[in-house]
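To keep things clear, I will list the structure first and then write my remarks on it.
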Amino acid sequence: MENTIKNFKKEGNRYILKRQYGFGILIVAGLTVLAWFGYTSNNGAMMWIFGIFAALCFLSIYTERMVIDLDAKALYIKRGLKAETCIPFSDIAHYQMSRLIYIFIPVNISLNVCYFSKGEEKFAIVAQGLSKRGMQDILNDIEEITRPYVRN
Numbered sequence: 273m274e275n276t277i278k279n280f281k282k283e284g285n286r287y288i289l290k291r292q293y294g295f296g297i298l299i300v301a302g303l304t305v306l307a308w309f310g311y312t313s314n315n316g317a318m319m320w321i322f323g324i325f326a327a328l329c330f331l332s333i334y335t336e337r338m339v340i341d342l343d344a345k346a347l348y349i350k351r352g353l354k355a356e357t358c359i360p361f362s363d364i365a366h367y368q369m370s371r372l373i374y375i376f377i378p379v380n381i382s383l384n385v386c387y388f389s390k391g392e393e394k395f396a397i398v399a400q401g402l403s404k405r406g407m408q409d410i411l412n413d414i415e416e417i418t419r420p421y422v423r424n
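Numbered by the working numbering, the letters in the sequence shown go through residues 273 to 424 in order.
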């Protein structure tokens, strides 16, 4: 099983999703360019606003992670600056892929998990990227890892 799983790093009985930098780095780079433009044009407000947004986006990307813990039989997802979410395998309903297209150009693909918490349907972003194939590979890896632990 470990030979076919390429998007996760195994540490004991935990699988940690390798970092996905693609889309986030584009956002941080764009905000940094706008901050630099504000600096060179002596527009202090523009420099500070976009500089702070770039720093917050970088911090958000740096702290995000997704862990499959087979001992706890749960997914641990940390996205953005929000607290980590623990999703037991028994609460997972299904996975879905969402594609954002802007003027015929695919901008973002996200892999989401749908789960039930306290009788309420919720969604959490597992991964984001620029290609549908990459998200499908991550989903295939997740299903291969969790197959023995999830009831059918």
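Glycine included, C-beta positions come from ideal geometry on N, C-alpha and C. Since the model is a prediction, treat every value here as computed from it, not as a measurement.
Presumed contact (8 Å Cβ cut-off) between residue i and residue j, rounded CB distance
{"i": "A399", "j": "L383", "result": "5 Å"}
{"i": "I277", "j": "E416", "result": "6 Å"}
Own chain, CB closer than 7 Å to residue i, minus 5 neighbours either side, in chain order
{"i": "I311", "result": "Reading the sequence as shown, one finds Tyr at residue 311 and not Ile. Only M319 meet the Cβ criterion."}
{"i": "Y421", "result": "L342, K345 and F361"}
{"i": "G294", "result": "G401 and L402"}
Check whether residue i and residue j have beta carbons under 8 Å apart
{"i": "Y381", "j": "M407", "result": "According to the sequence as given, residue 381 is Ile; it is not Tyr. Contact: yes."}
{"i": "L289", "j": "R337", "result": "yes"}
{"i": "I410", "j": "N279", "result": "yes"}
{"i": "K404", "j": "R371", "result": "yes"}
{"i": "L306", "j": "S332", "result": "no"}
{"i": "Y367", "j": "V339", "result": "no"}
Residues near residue i by beta carbon distance below 6 Å, same chain, minus five either side
{"i": "F325", "result": "L303"}
Beta-carbon contacts of residue i that lie in its chain and below 8 Å, excluding the five residues immediately before and after
{"i": "M273", "result": "Any reading at M273 must be qualified, since the residue scores a pLDDT of 46, below 50, and its modelled position is unreliable; no value is offered."}
Secondary structure, beta strand (DSSP E): runs of 3+ residues fully inside the region 363-420: Complete beta strand (DSSP E) runs here, min 3: 364-374, 377-389 and 392-401.
The region 386-400 / the region 316-335 touching (three or more Cβ pairs under 8 Å): no
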